[in-house]
Amino acid sequence: MEENGLNTFRAPARDCDAEFTVKRSRFIGSARICLSADEAAEMIKKFPLLYPKSHQHCWAYRIGTSAPLEHSSDAGEPAGSAGRPILGAIKRHELTNTLIVVTRYFGGIKLGVRGLIDAYKKAAELAIETAGAAEKEFNNTLLLRCGYDYSKTLTTALHKWGFTESRVNVEYGADVTARLEVPLSKRAEIEAPLSEMAGRGFLTEVAWGDAPLVRDKW
Numbered sequence: 001m002e003e004n005g006l007n008t009f010r011a012p013a014r015d016c017d018a019e020f021t022v023k024r025s026r027f028i029g030s031a032r033i034c035l036s037a038d039e040a041a042e043m044i045k046k047f048p049l050l051y052p053k054s055h056q057h058c059w060a061y062r063i064g065t066s067a068p069l070e071h072s073s074d075a076g077e078p079a080g081s082a083g084r085p086i087l088g089a090i091k092r093h094e095l096t097n098t099l100i101v102v103t104r105y106f107g108g109i110k111l112g113v114r115g116l117i118d119a120y121k122k123a124a125e126l127a128i129e130t131a132g133a134a135e136k137e138f139n140n141t142l143l144l145r146c147g148y149d150y151s152k153t154l155t156t157a158l159h160k161w162g163f164t165e166s167r168v169n170v171e172y173g174a175d176v177t178a179r180l181e182v183p184l185s186k187r188a189e190i191e192a193p194l195s196e197m198a199g200r201g202f203l204t205e206v207a208w209g210d211a212p213l214v215r216d217k218w
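Per the UniProt record's numbering, the very first residue in the sequence shown carries number 1; after that it's consecutive.
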């Protein structure tokens, strides 16, 4: 999870698979958001299960914003013919926290190194273009709890910070519970005021989630 103003990034708008055929070889480009090398590795492991009749699952990822981690694999194709073109597509679109896997079904006609480079590049580009690109940002979950006497105080404060009714899930039981997702860029703005409200007895619970969530930028 990035800090110091690097909480936003550009990534595929959605998970997407797109394919095309050249000289009877079928290429399937898959775009995914991933936040760590470990997460990327787990995703990559799934592709032989999704496409068990293919022996080529070439990939590249770019993770992080301050100093992106970049890796790629030709997965048995000639050196430099698959992973680098895929990574090049990710970088051309200025994406990060992004994994692209290209699966190939061999059609019986060899494409040559130049043909493979062009095909893997096209498959990656097609996956990105089909998914679309969007500005994303990290969020934390936040749970707030208060008594009914202070529910109006809480609602007013949340509205002031930009959390309208559509962004807050409120439950009424023995007390009032509000659940919301807070962009990390806004957390610093509201954390101290919430602590003050808790200290004054307006809030009985302030609980932040640890795991970052990826959401479209506000």
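No residue lacks a Cβ here, since even glycine has one placed at the ideal position from N, Cα and C.
Apply the 10 Å Cβ neighbour rule to A67 and answer buried if 16 or more other Cβ atoms are within range, or exposed otherwise. Burial call: exposed.
Rounded distance between the beta-carbons of R26 and G108, thought under 8 Å: Between R26 and G108 the Cβ distance is about 11 Å, and since that is not below 8 Å, they are no contact.
Reducing DSSP to helix, strand and coil, say where D74 ends up. Residue state, collapsed to three classes: coil.
How would you label L50, buried or exposed, when you count the other beta carbons within 10 angstroms and need 16 or more for buried? By the beta-carbon neighbour count (other beta carbons within 10 angstroms, threshold 16), L50 is exposed.
Determine whether the beta carbon atoms of N97 and I63 lie at a separation below 7 Å. Cβ atoms of N97 and I63: closer than 7 Å.
Terminal residues of the continuous alpha helix (DSSP H) containing G29? G29: not part of any alpha helix (DSSP H); member of the beta strand (DSSP E) spanning S25 to I33, first to last residue.
Mark T156 as exposed unless 16 or more other C-beta atoms lie within 10 angstroms of its C-beta, in which case mark it buried. With fewer than 16 Cβ atoms within 10 Å of its Cβ, T156 is classed as exposed.
Distance check for R145 and D175, CA to CA, integer angstroms please. Pairing D175 with R145, the inter-Cα distance amounts to about 7 Å.
Can you give the beta carbon distance from A31 to L69, rounded, assuming they're within the 8 Å contact cut? Beta-carbon to beta-carbon, A31 and L69 are separated by about 18 Å, too far to satisfy the 8 Å threshold.
For a test of the three-state rule: what should DSSP assign to A207, helix, strand or coil? A207 falls in the strand class under three-state DSSP.
Buried or exposed: Y148, going by 16 or more other Cβ atoms within 10 Å of its Cβ? Burial call: exposed.
Limits of the alpha helix (DSSP H) - the one that L184 falls within: Run containing L184: L184 to G199, per the alpha helix (DSSP H) assignment.
Mind checking S72: buried by the 16 CB within 10 Å criterion, or exposed? Here S72 is buried. Its C-beta has 16 or more other C-beta atoms within 10 Å.
When the distance is taken between beta carbons, is L194 closer than 7 Å to V206? Yes. Within cutoff.
Straight-line Cα distance separating T141 from L111: Per the coordinates, the alpha-carbon of L111 lies some 49 Å from the alpha-carbon of T141.
Our contact map puts K217 next to E125 with C-beta atoms below 8 Å; I'd like the distance itself, whole angstroms only. Not confirmed; about 24 Å, so no contact.
Through-space distance from V101 to P78, alpha-carbon basis: Between P78 and V101, the C-alpha separation is close to 16 Å.
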